[in-house]
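Here is the structure we will look at, set down as structure tokens.
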Amino acid sequence: MAFDLPPVRMGLYAVLGFFSFLLFCLSAARLGYTTNLPEGDPLNGGRNFYDPIVVELLFTTLMTMPWCGYVIYCIYKRFEARYLSTFRDELIMLVVLWFFWIIGAAIASSIWGDLTWCSQFNACRVLSALEAFAWLGWIALTMLVIVSALFGFANKAFLEPLHGRWDPRASIYNPSSKV
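If you read the sequence shown in this note's numbering, its first letter stands for residue 377, the second for the next number, and so on.
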């Protein structure tokens, strides 16, 4: 049985999209809590605030979710566009996202660290889950970077459509199909 890479990539993108959605929800919950602290809340002396790293993670997820949807669509439908449709374009975008994810996960972990001491509070459980899904998303993204880079190198496919199932004669945007 032959190994088919597009379903693996679609699965990894679906996992990344799912983790992005969960991280988006957790980031929104954290922002909602810290910007509307109830009176008498011991956090920050009861004064509203926001964590800049949570905003960064929120922005990262807002960039990642549409990208995952777009690539899954491109792979599933074998869609080719003039821009953002080659393995090179995919890798550039994945590396940009990778930096956002690693920065967000690392800074969140360095600020909050081990939160097991306060796990009885809902705010700490949200932060623990936020950290966990930031790292899980980064791991899924790292796997995507590795898989796409290896495929591109092994097949010299960096200028080929990112869906990975190309026929150069049928492509309307492939530069090697010009006669």
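All C-beta atoms in this analysis are idealised placements derived from N, C-alpha and C, irrespective of residue type, glycine included.
Along the segment 449-534, the alpha helix (DSSP H) occurs as fully enclosed runs of 4 or more residues at 463-488, 498-531, listed in sequence order. The distance from the Cβ of Leu388 to that of Leu512 is about 12 angstroms, inconsistent with a contact at the 8 angstroms cut-off. For Thr437, the CB contacts under 6 angstroms within the same chain, skipping 5 residues up- and downstream, are Ser396, Leu399, Phe400 in chain order.
In the structure shown, Pro537 adopts extended strand secondary structure according to DSSP, grouped into three states.
Ala499 has its alpha-carbon roughly 12 angstroms from the corresponding atom of Pro418.
Rounded to the nearest whole angstrom, the CA to CA distance from Ile448 to Val472 is 18 angstroms. The three-state secondary structure of Gly422, taken from DSSP, is helix. Per DSSP, the unbroken alpha helix (DSSP H) holding Thr410 starts and ends at 381-410.
Distance from the CA atom of Glu432 to the CA atom of Cys450, rounded to whole angstroms, is 27 angstroms. Residue state for Glu432 is assigned as helix, using DSSP reduced to three classes.
In this structure, DSSP gives Gly416 a state outside helix and strand, which the three-state scheme calls coil. Going by C-alpha positions, Leu503 is about 38 angstroms away from Lys453. Separation of the CB atoms of Leu381 and Thr462 is rounded to 16 angstroms, and the pair is thereby denied contact status at 8 angstroms.
Taking 8 angstroms as the cut-off, the Cβ atoms of Leu434 and Asn424 do not count as close. The C-beta distance from Ile429 to Gly393 rounds to 21 angstroms, too long to fall under 8 angstroms, and the pair is not in contact.
Val391 places its beta carbon 8 angstroms or farther from that of Val523. Excluding its 5 nearest sequence neighbours in each direction, Ser403 has C-beta neighbours in its own chain below 6 angstroms: Val430, Leu433, Leu434, listed in chain order.
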